[in-house]
Amino acid sequence: MKAPQARVVLTGASGGIGHASAAALLKAGATVMLVGRSAPRLAEQARQLVRETGVDASRVEHRLADLSRPEDLASLAVMAAGWGGNVLVHNAGLASFGHLQDLRPADVQAVLHTNLIAPMLLTQSLLPHLLAQARAQVICVGSALGAIGLPGYSVYSASKFGLRGFAQALRRELCETAVQVQYLGPRSTRTAFNSEAVEAYNRATGSAMDRPEQVALELLALMESEAAERFVGYPEKLAVRLNGLAPSWLDGSFKKHSRSLPPAAPALLAHS
Ligand SMILES: NC(=O)c1ccc[n+]([C@@H]2O[C@H](COP(=O)([O-])OP(=O)(O)OC[C@H]3O[C@@H](n4cnc5c(N)ncnc54)[C@H](OP(=O)(O)O)[C@@H]3O)[C@@H](O)[C@H]2O)c1
343 MKAPQARVVL TGASGGIGHA SAAALLKAGA TVMLVGRSAP RLAEQARQLV RETGVDASRV
403 EHRLADLSRP EDLASLAVMA AGWGGNVLVH NAGLASFGHL QDLRPADVQA VLHTNLIAPM
463 LLTQSLLPHL LAQARAQVIC VGSALGAIGL PGYSVYSASK FGLRGFAQAL RRELCETAVQ
523 VQYLGPRSTR TAFNSEAVEA YNRATGSAMD RPEQVALELL ALMESEAAER FVGYPEKLAV
583 RLNGLAPSWL DGSFKKHSRS LPPAAPALLA HS
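In this note's numbering, each residue carries its 1-based index in the sequence shown increased by 342.
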């Protein structure tokens, strides 16, 4: 839908892509509910967005929710429905990078919960409200890594492949309703999400990094379009297509990525 008709519930609003997206949506005419985990930060961010974009303060709401807490997901759905949200953007996410054997089991679970289970449960809770709207959208902020698995990203890719599968199946399930489900696949983006180790890996493999403001414009373009998916940047768009057709063709292309990973923990290497 066009931005002026959109009342956007935006998770992960305080992050790099979240803040840039809120600004782009507001400038385009949308009304935005910032969702985050820190009340003082959200209040300050709302004031900053009003200053930055010059919009009326009534167009920027904020609500607290920790998406790892089932009770927060349920209360966020009630608040979003009461507020009249008609676009739900699942943007909150956790990073995971490194050799699988070095990842802590609790972190693996947190990544899958934040990136996949929370968006599914929140969509489920808000769906009755969305289905009652003249038009509504659910936008999943995934990743290029939700369509191409790269060394170092086994768990992160699993979460984003899962999110993409969720978006695709739900889009088809809801095809005769007024709810449209979309998936955005940014490539690496310069935010606090990426550690120094990721930046070094990107330099070593020649992987480009976008500014969050570019990703925000892609999100806005996706929301205003009928497209099912939108991937960001070349050669990633091409690689997504090729990988979808014949993933094994690309297996040999990522040896450099594998060699560019930080070394695995020595104690674990001894067992490998
Ligand atoms: N940066 C990249 O390279 C890149 C590339 C492709 C896709 N993406 C995707 O883009 C999205 C935004 O990433 P970003 O780069 O903006 O990352 P970011 O700056 O680290 O922001 C992540 C946001 O998620 C929120 N969040 C994490 N766990 C949460 C929880 N349990 N409850 C509520 N909020 C939670 C964070 O809240 P707090 O501020 O409270 O921690 C933060 O606002 C993510 O889904 C990410 O997977 C990022």
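The C-beta atom is built at its ideal place from N, Cα and C for all residues, glycine as well.
Cβ-heavy atom distance between residue i and ligand 1 below 7 Å?
| i | result |
| --- | --- |
| Ile459 | no |
| Thr465 | no |
| Pro412 | no |
| Arg379 | yes |
| Ile359 | yes |
| Val453 | no |
| Gly548 | no |
| Asn428 | no |
| Gly435 | yes |
| Phe573 | no |
Rounded C-beta distance between residue i and residue j? I'm assuming under 8 Å.
| i | j | result |
| --- | --- | --- |
| His404 | Ala385 | 7 Å |
| Val523 | Leu512 | 5 Å |
| Glu560 | Val574 | 5 Å |
| Leu562 | Leu367 | 6 Å |
| Ala486 | Glu578 | 5 Å |
Helix, strand or coil for residue i, going by three-state DSSP, please let me know.
| i | result |
| --- | --- |
| Ile490 | coil |
| Ala355 | coil |
| Gly435 | coil |
| Glu403 | strand |
| Leu445 | coil |
| Phe535 | coil |
| Met462 | helix |
| Tyr576 | coil |
| Glu568 | coil |
| Thr456 | helix |
| Thr519 | coil |
| Leu409 | coil |
| Met375 | strand |
Taking 8 Å as the CB-CB cut-off, is residue i touching chain D?
| i | result |
| --- | --- |
| Ser549 | Protein chain content of the structure displayed is limited to a single chain, and chain D is not contained in it. |
message: What ranges does the beta strand (DSSP E) occupy inside the segment 464-509, keeping only unbroken runs of at least 3 residues that lie completely in it?
response: 478-483
- prompt: Is the segment 427-443 in contact with the segment 495-504, if contact means three or more CB pairs nearer than 8 Å?
  reply: yes
message: Is it the case that the segment 525-538 contacts the segment 345-358, given that we only count it when at least three CB pairs across the two stretches are under 8 Å?
response: yes
query: Between the segment 591-600 and the segment 464-483, do three or more beta carbon pairs fall short of 8 Å?
result: no
query: Just checking, does the segment 344-352 make contact with the segment 371-391 on the three C-beta pairs under 8 Å criterion?
result: yes
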